[in-house]
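Structure record follows, encoded as structure tokens.
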């Protein structure tokens, strides 16, 4: 091996000298008896810090196939890493290949026949590789495993599975592998070190890059002051939104290559659509596209290539571009609204000027809502000061272990004694608290589902014919299906929601926000996966508090508490603290004191009862997870104590909202409202495990987690399983429910912070104050506006023109009961005839049928032949005669009524009678269709008709 030749080759590739972290890594790995955790900022050369020494050692030895495996969490990262490693590999005369779920079968066969020295893959494909019978013989050569984006891996079940399988693989190979974990940030250092090399003879060394990348980070509240903004306002009915759009466009023109990050895919789509329209209207030379995980691979690759080749100036993206995908030079990063986490903000802004020693530049564009603004400022300050969120690592994940056991049996086809396997698993720090009973629960599940079987007196666990299918079909990444949201009035498509969100969170009359406006749920058809909605009409007596889609990025307790501390500071000093003022760019002054004067803060929880609205607002700075627990606690307590009251509860990081229906409380506050006060005042009494379990099991989050855990256990498949709330509830008392409950405690709740807050309330360090208001006050608007939705706004409850158009377009059949005349047409064509007797024989025997008319046509033929009718056919004949009378007497009213879903003959008679007494026909028919949509699924289940 010619070291000078290698050095020259690397210099030609642009590697003039080693960075500090690369030099340290080379020294440590050259010792050969240790694993590494490398923590270094974006752009510091972490990848090369792992690859250079491993390639050097591989090249200096026998260059055996699959000496190293490089695992990345994203396929897109695989493509990027492959390009880089192949270039570096040429210097060391090493082959590099990638294999993941999208790899063509021809390349897979090539890899199996002639494996590379270094294989790049994802956590999922890593599992398939080690059980591949053609590749398995080469696993004896494996010496090194590189784990990219280690922080993300620690927080995900797929990452925990990778660490578990690696541990069992070492046992199978009977040797310790050198592992190198790479991450930009890490807080739970002790846990991370233990998990990277559990039970290994190899020590683990943590390397931290002493060099840091400076952050040039500001927070801006744009104002609409220019002619350009006023022009945007002609297309966007929101001055604040227009100002934000103008600022994004302005920065993109100025900086030439920018990424705009959003927190959700739906926001990325809507924002990119709005920006495209404004760029087109303003005639600007800006090219943009959208990038998120739900888009096709081909689209994402095309977008990445176009940006790298400077054919695009701007990308609107979610977390899909947070990680190190190579998209070329990014000059500037904008975060649209609060990033909600400091670690996420550092990762995103770090994409700009992606070189060591360069200054990363970013801007958070937020609204003038004081809570949005303070949250963004606090997170920016924490990012600048390196105060990041701690990783949430779920202990003894049972779904992960079930999969790992099944996979392990495929390596040990002759079987493994259960007690030996249990003792081996227990040595892994992730499972150190795993009881033998819990281990047996997992085995019992695998036995019950015939994924494994146990034989002999030694209880040896062995694979079955289903084992490999289970390993290939089951994923730690829960899949989801789309539910189409349909306007019950017009039949038009409103948007798309995730199935598990709809099943676990929404009921009739729930309010959601889609396409920028609130909608009230009419019904959900699980089999068709359609959610029927209508515009949510509000009045002066109602406040809309909407659900929002899916898992938003949680705001930590510590962040929310800091926001509360800043609110307290503003109350005392009249303005922001100096260090936050330095971060803020205001295009128009904001009177902070006026906005926060009546808000609670870090030392005061305000409970406001808004009598006219039946609404209780608890202003508590608990963050997303603590407030989610308080929300579920209050809801559970009220449902238990006041079963006759309808309770709806919602939460944000700064407030819990409780809507009470079915009561009116005159005079002094009492009953349910006072019960809310007692719950908050005595939080500490609720901090016991058994009660918290009951609360969690009563929550929608629990069903959501069951949906995900059941997939990881292979119990349900979104591709084939009809998912309903009843199905999910059936898993509650199983091992699936047990793991789901744990996920609620770790993912959805923050028990430790809840106890901390409860103790501060009990000690009197946090005051709880109950206040009473008749009307919404400005501070209530501030709290509610955090949700970013219209609060009180008159929307028409029904677009009568759209609904009428839909009725007129329904396909119907007219049949003459006398001569057999038959015509299929749209209802519009029948109305336009303005003649409701038979056009063939002239008699008033023309009847109308919607949907399939074959049964009715057969009946008419029997009548004309003079054949005897069955009792069922006699009933049908009577119904058709009544329809003919309706059609002849009431003409177009009867056509419309009989064309509506859920309207049979008797219901049509009742509706027409109400219309003759002054009711509106279209409104009556719409209400009837709504009722039908709510019962349609039950008619299907019972085999009933769904066309009448």
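In the numbering used here, the protein residues as written are 289 to 1236. All C-beta atoms, glycine included, are put in the ideal place defined by N, C-alpha and C. Quick caveat, the model's predicted, so the values are computed rather than measured.
Item	Value
Helix, strand or coil at residue 1112 [DSSP, three-state]	strand
Backbone secondary structure at residue 494 - three-state DSSP	strand
Neighbourhood of residue 493 by C-beta, 7 Å cutoff - its chain only, sequence neighbours within 5 removed	316, 322 and 324
Simplified DSSP state of residue 943, which is helix, strand or coil	strand
Beta-carbon proximity of residue 1217 to residue 630, cut-off 8 Å	no
Within 8 Å, strictly: CB atoms of residue 887 and residue 1070	yes
Inter-residue spacing [alpha-carbon to alpha-carbon] between residue 330 and residue 360	15 Å
Per-residue DSSP class, three states only, for residue 1138	strand
Straight-line gap, residue 505 to residue 815 (C-alpha atoms, nearest Å)	49 Å
Inter-residue Cα distance where the pair is residue 1057 and residue 845	21 Å
Between the CA atoms of residue 574 and residue 541 - distance to the nearest angstrom	7 Å
Contact under 8 Å by Cβ, residue 757 with residue 693	no
Three CB pairs or more closer than 8 Å across the stretch 1037-1048 and the stretch 861-869	no
For residue 457, the three-state DSSP class (helix, strand or coil)	helix
Within 8 Å, strictly: CB atoms of residue 434 and residue 338	yes
Sufficient close CB pairs (3 or more, under 8 Å) joining the stretch 618-632 to the stretch 540-559	yes
Uninterrupted alpha helix (DSSP H) stretches inside the stretch 493-563 (no shorter than 4 residues)	515-521 and 527-543
Chain-order list of residues whose beta-carbon lies under 7 Å from that of residue 1219 (same chain, five-residue window excluded)	1190
Sufficient close CB pairs (3 or more, under 8 Å) joining the stretch 890-897 to the stretch 921-941	no
Where residue 1004 sits in the DSSP three-state scheme	coil
Residue 736, DSSP secondary structure in three states	helix
Inter-stretch contact at 8 Å, needing at least 3 Cβ pairs: the stretch 936-943 / the stretch 906-921	yes
Which of helix, strand or coil DSSP assigns to residue 694	helix
C-beta contact flag for residue 975 and residue 916 at 8 Å	no
Residue 470 and residue 432 closer than 8 Å at C-beta	no
Alpha carbon of residue 746 to alpha carbon of residue 731, nearest angstrom	15 Å
Test item: CB-CB of residue 370 and residue 400 under 8 Å	no
Enclosing alpha helix (DSSP H) for residue 880 [first to last residue]	880-884
For residue 339, the three-state DSSP class (helix, strand or coil)	helix
Beta-carbon proximity list for residue 1184, same chain, < 6 Å, skipping 5 on both sides	1095
Three-pair Cβ contact test at 8 Å for the stretch 401-414 versus the stretch 441-458	yes
Nearest-angstrom beta carbon gap, residue 817 and residue 769 [assumed within contact, 8 Å]	6 Å
DSSP beta-bridge partners of residue 467	433
For residue 1000 and residue 1016, the rounded distance between their alpha carbons	14 Å
Backbone secondary structure at residue 420 - three-state DSSP	coil
Length-filtered (3 minimum) beta strand (DSSP E) runs lying within the stretch 1178-1217	none
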